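Enquirer: The sequence shown maps to residues 179 to 728 in the working numbering. Mind having a look at this structure? Questions to follow.
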Amino acid sequence: MSLRAIVLAAASLALSSGHAATATPAPALPKLVVVLVVDGLPNEQVQRYRDQFGQGGLRRMLDQGASFSNAHQAHGVTVTAIGHSAVLTGAYPYVHGIIGNNWIDPVTRKSVYCTEDRNYTYIGEETKPNDGTSPARLKVNTLGDELRYATGSKSKVIAVSGKDRGAILLAGKTGTAYMYMDKTGNFASSTYYMKQHPEWATKYLASKPQDRYYGKTWSALLPAAAYDGDAPEELNAPKAGGHNRLPYSYYSESGEIDAGYYASLRVGPYLDQLTLDFARAAVEGENLGRNPAGVPDLLGVSLSAHDYVNHAFGPESKLSHDHLQRLDRMLAEFFTYLDKRVGMDNVLVVLTADHGFPNTPEFARTQHFDAQRLDGDKLMAALDKHLQEKFGVAKLVQAWSLPNIHLDYALAEQNQLKHADVENAAAQYLLAQEGIVDTFTRTQFESGAVQGTHINTLMRRAWNRESSGDLMVITKPYWYFGSGASGTSHGSPYAYDTNVPLMVMGKRWIKPGAYGQYAEVVDIAPTLAHLLRLRPPAGSEGRVLVETLR
């Protein structure tokens, strides 16, 4: 009997006996996808404080979802706008075009803001020229845009944040963004999205929920012993009004509920509570998760306050520790609400962060680390002076938004100077300066010479040919650009800035577990696209997190 005959006979027998292979039906699509971004949350804080979390928030995601301990914002300039862009585009800055919160416009050589667009204004709010009102500078689309395309715009995509860039870069091109207004405490959208707010938003704003915190204090949630491992408060001298200690009071110098009070709410738990409350109003007002067309909806919530707290006090502080505990309880309440409103069996939740955080230099030095703030303006003035002395030409350093430095190539050409010669002279000078560990030039990037190391890969991803500088510079570990005397900042390619939480929860689709595999935030968009049966966003380079899928 021939081999072909044997194979056909076996197949016929299998069919006749009812043992033919059958495909496992795919689970129903989620009714609501919730993407949570905690601004400025390093994964180490989740691990360090996890035993103190309640049962329903972060602990619920850790226990019932898939969580990655080795997940990263895998680009070299770790700031809010770039990190938020990565979440739902699945793309790196060299593709999506958002290279910082601010950067130097290559034509005007003036600073521009990542989401500014003077064609649009906030609805019912004062709008300054550099305020964030649209995603015009985002060069690619998002998962939400693909969802709306696939459903004929029937799916609803809403994003809410304490920062305009947090909402706008999650909402994408075709979603709707609402952002916190520092002067009024309202959440407002812009005329890019609509001419006027929907009735539900107008009604919600009229109730002025932001006013209820005037005169309130932020006090420690846990017993005093729970904070024993935090940095000593003595590292920072106390401020007038108690504004670097708990209890932390909310008021204004005028004694009235005014812009000063509304701005003060950014630091501490109340901004996040207001953001989640507005997100609830959006769920109900837009009927998210109950779409009459039977298609999924997407809600993006960027929680901004942890970033403000960590900038001011450092991730090692009691205030940061307590803020994360309070945020955990807020998330528990939010999940309970979603369970009652939509049913968590119908909801897919992702939680990540846009960047991590280093410790304050004051604390790092107590741990015997070489840690300093580096005054970028003084460094650039010294660089320009050096180039003038070397080439006899003033103002070859045209502009900077560190780590990007722009050279005046036209001026160099007028003086018969080669671009690469000026770049190399600048790079060599910078490498000799205290606190600088590496530099990269435009010629190196364009020729493909930036290869080899992991950090080189991260920096290459962060450099956009159209918008980035002619040099990029990296500080030593634990050093960062800043001229203040307290607090800390982020933006480096080091693990303390790149390692962020990445959790996915949804029992119909996700296998719970603690995963040690390397993962990136850009993996979120293709994973969600797979689960929603969508085309990945145009610039997506991440992988589907197949190890987490049922």
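Every residue gets a Cβ at the ideal spot worked out from N, C-alpha and C, and that includes glycine. If you're wondering where the values come from, they're calculated on a predicted model, not measured in any experiment.
Could you spell out the range, first to last residue, of the beta strand (DSSP E) harbouring leucine 526?
Expert: Start at 1 with the first residue of the sequence shown, and residue 526 comes out as number 348. 525–530 is the extent of the beta strand (DSSP E) around leucine 526.
Enquirer: For threonine 538, which three-state DSSP category applies?
Expert: By 1-based counting over the sequence shown, the position of residue 538 is 360. Threonine 538: coil per DSSP, three-state reduction.
Enquirer: Whole angstroms is fine: what's the gap from proline 704's alpha carbon to valine 479's?
Expert: For the purposes of this step, residue 704 is identified with residue 526 of the sequence shown, where counting begins at 1. For the purposes of this step, residue 479 is identified with residue 301 of the sequence shown, where counting begins at 1. Approximately 19 Å between the Cα atoms of the pair.
Enquirer: I need the DSSP call for aspartate 436, collapsed to helix, strand or coil.
Expert: As a first step, residue 436 must be located in the sequence shown, where it is residue number 258. Aspartate 436 falls in the coil class under three-state DSSP.
Enquirer: CA-CA distance, phenylalanine 491 and phenylalanine 659?
Expert: In the sequence shown, counting from the first residue as 1, residue 491 sits at position 313. In the sequence shown, counting from the first residue as 1, residue 659 sits at position 481. Roughly 17 Å separates the two Cα atoms.
Enquirer: Look up histidine 584 in the DSSP assignment and give the residues it is bridged to.
Expert: Along the sequence shown, one-based indexing puts residue 584 at 406. DSSP lists Ala577 as partners of histidine 584.
Enquirer: Ignoring anything shorter than 3 residues or poking outside the segment 423–495, list the beta strand (DSSP E) runs there in chain order.
Expert: With a minimum length of 3 residues, the continuous beta strand (DSSP E) runs that stay inside the segment 423–495 are 475–481.
Enquirer: Among the residues of its own chain, which have a CB less than 6 Å from the CB of proline 271, if the five just before and after it don't count?
Expert: Walking along the sequence shown from the start, residue 271 turns up at place 93. Once the five neighbours on either side are set aside, the close Cβ partners of proline 271 are His253, Ile260, Ile277, Ala640, Asn642.
Enquirer: Under a Cβ-count criterion, where at least 16 other Cβ atoms within 10 Å of its own Cβ denotes burial, should threonine 311 be classed as buried or exposed?
Expert: On the sequence shown, position 133 is the one that residue 311 refers to. Looking at its Cβ environment, which holds 16 or more other Cβ atoms inside 10 Å, threonine 311 is buried.
Enquirer: Which residue or residues does DSSP assign as beta-bridge partners of glutamate 698?
Expert: Residue 698 sits at position 520 when you count from the first residue of the sequence shown. Its beta-bridge partners are His250.
Enquirer: Can you find the residues in the same chain that come closer than 7 Å, C-beta to C-beta, to threonine 530, ignoring five residues on each side of it along the sequence?
Expert: In the sequence shown, counting from the first residue as 1, residue 530 sits at position 352. So the list reads Val215, Val265, Val678, Pro679, Leu680, Val699, Ile702, once near-sequence residues are dropped.
Enquirer: Three or more C-beta pairs under 8 Å: does that hold for the segment 222–232 against the segment 334–351?
Expert: In short, these stretches do not touch, since the Cβ pair count stays below three.
Enquirer: Does the distance from the C-beta atom of proline 313 to that of glycine 350 stay below 8 Å?
Expert: Translated into the one-based positions of the sequence shown, residue 313 becomes position 135. Translated into the one-based positions of the sequence shown, residue 350 becomes position 172. Closer than 8 Å, so yes.
Enquirer: Do three or more CB pairs link the segment 480–490 to the segment 647–661 at distances below 8 Å?
Expert: Result no; under three Cβ-Cβ pairs closer than 8 Å.
Enquirer: Could you tell me whether the segment 359–373 touches the segment 289–303, where touching means 3 or more Cβ pairs closer than 8 Å?
Expert: At 8 Å Cβ cutoff, the stretches touch.
Enquirer: In whole angstroms, what is the alpha-carbon distance linking valine 338 and threonine 380?
Expert: Translated into the one-based positions of the sequence shown, residue 338 becomes position 160. Translated into the one-based positions of the sequence shown, residue 380 becomes position 202. Taking the straight line joining both Cα atoms gives about 15 Å.
Enquirer: With which residues is aspartate 616 paired in a DSSP beta bridge?
Expert: Taking the first residue of the sequence shown as position 1, residue 616 is located at position 438. Partner(s): Ile652.
Enquirer: Give the DSSP bridge partners of glutamine 550, in chain order.
Expert: As a first step, residue 550 must be located in the sequence shown, where it is residue number 372. BP columns for glutamine 550 point to Trp657.
Enquirer: Can you look up tryptophan 641 in the DSSP assignment and give me helix, strand or coil?
Expert: Against the sequence shown, residue 641 aligns to sequence position 463. Correct three-state label for tryptophan 641: coil.
Enquirer: In this structure, how does DSSP classify leucine 186 when only helix, strand and coil are distinguished?
Expert: Taking the first residue of the sequence shown as 1, we reach residue 186 at position 8. At leucine 186, the pLDDT of 46 sits below 50, so the modelled position is not reliable and the matter cannot be decided from this model.
Enquirer: Where does the unbroken beta strand (DSSP E) through threonine 354 begin, and where does it stop?
Expert: As a first step, residue 354 must be located in the sequence shown, where it is residue number 176. 354–358 is the extent of the beta strand (DSSP E) around threonine 354.
Enquirer: Just to confirm my understanding: we take valine 722, look at its own chain, exclude 5 residues before and 5 after, and list those with CB closer than 7 Å. What are they?
Expert: As a working note, residue 722 is residue 544 in the sequence shown. Result list for valine 722: Pro704, Thr705, His708, in chain order.
Enquirer: Could you pull the DSSP bridge partners for leucine 727 from this structure?
Expert: Looking up residue 727 in the sequence shown gives position 549. Note: leucine 727 sits in a beta bridge opposite Ile688.
Enquirer: Label methionine 637 either buried or exposed according to how many other C-beta atoms from any shown protein chain fall within 10 Å of its C-beta, with 16 as the threshold for buried.
Expert: Along the sequence shown, one-based indexing puts residue 637 at 459. So methionine 637 ends up on the buried side.
Enquirer: Enumerated in chain order, which unbroken segments of the alpha helix (DSSP H) with a length of 4 residues or greater are wholly contained in the segment 326–373?
Expert: List check, alpha helix (DSSP H) in window: 342–349.
Enquirer: Along the chain, where does the beta strand (DSSP E) containing serine 289 start, and where does it finish?
Expert: Within the sequence shown, numbered from 1, the residue matching residue 289 stands at position 111. Unbroken beta strand (DSSP E) run through serine 289: 289–291.
Enquirer: Taking DSSP as the reference, what is the three-state secondary structure of threonine 705?
Expert: Translated into positions along the sequence shown, residue 705 becomes position 527. The answer is helix: DSSP assigns threonine 705 an H, G or I state.
Enquirer: Give the DSSP bridge partners of isoleucine 282, in chain order.
Expert: As a first step, residue 282 is located in the sequence shown; it is residue number 104 there, counting from the start. Beta-bridge pairing links isoleucine 282 to Ser289.
Enquirer: Looking at C-alpha atoms only, which residue of Phe456, Tyr515, His668, Val527 is the closest neighbour of phenylalanine 535?
Expert: Locating residue 535 in the sequence shown gives position 357, where the first residue counts as 1. Per the Cα distances, His668.
Enquirer: Please state the DSSP three-state secondary structure of valine 265.
Expert: The residue labelled residue 265 in the question sits at position 87 within the sequence shown. Helix, per DSSP.
Enquirer: On the three-state DSSP scale, how would you describe tyrosine 300?
Expert: For the purposes of this step, residue 300 is taken as residue 122 along the sequence shown, with counting starting at 1. Strand.
Enquirer: For tyrosine 227, collect the residues of the same chain with a Cβ closer than 8 Å to its Cβ; drop the 5 residues on either side in sequence, then sort them by chain order.
Expert: As a working mapping, residue 227 is identified with position 49 in the sequence shown. His499, Leu502, Gln503.
Enquirer: Count the other CB atoms, across all protein chains shown, that sit within 10 Å of the CB of histidine 632; report buried if there are 16 or more and exposed otherwise.
Expert: Against the sequence shown, residue 632 aligns to sequence position 454. Under this definition histidine 632 is an exposed residue.
Enquirer: Tell me whether leucine 413 sits in a helix, a strand or coil according to DSSP, three-state version.
Expert: Mapped onto the sequence shown, residue 413 falls at position 235. In the structure shown, leucine 413 sits in a helix (DSSP, three-state: H, G or I).
Enquirer: Going by beta-carbon coordinates alone, are aspartate 562 and lysine 573 separated by less than 8 Å?
Expert: Counting from one through the sequence shown, the residue named residue 562 turns up at place 384. Counting from one through the sequence shown, the residue named residue 573 turns up at place 395. Against a cut-off of 8 Å, the Cβ pair of lysine 573 and aspartate 562 comes out as a contact.
Enquirer: Near glutamate 412, what residues of its chain come up, given a Cβ to Cβ distance below 8 Å and the 5 sequence neighbours on each side ignored?
Expert: Numbered from 1 along the sequence shown, position 234 holds the residue referred to as residue 412. Hits under 8 Å: none found.
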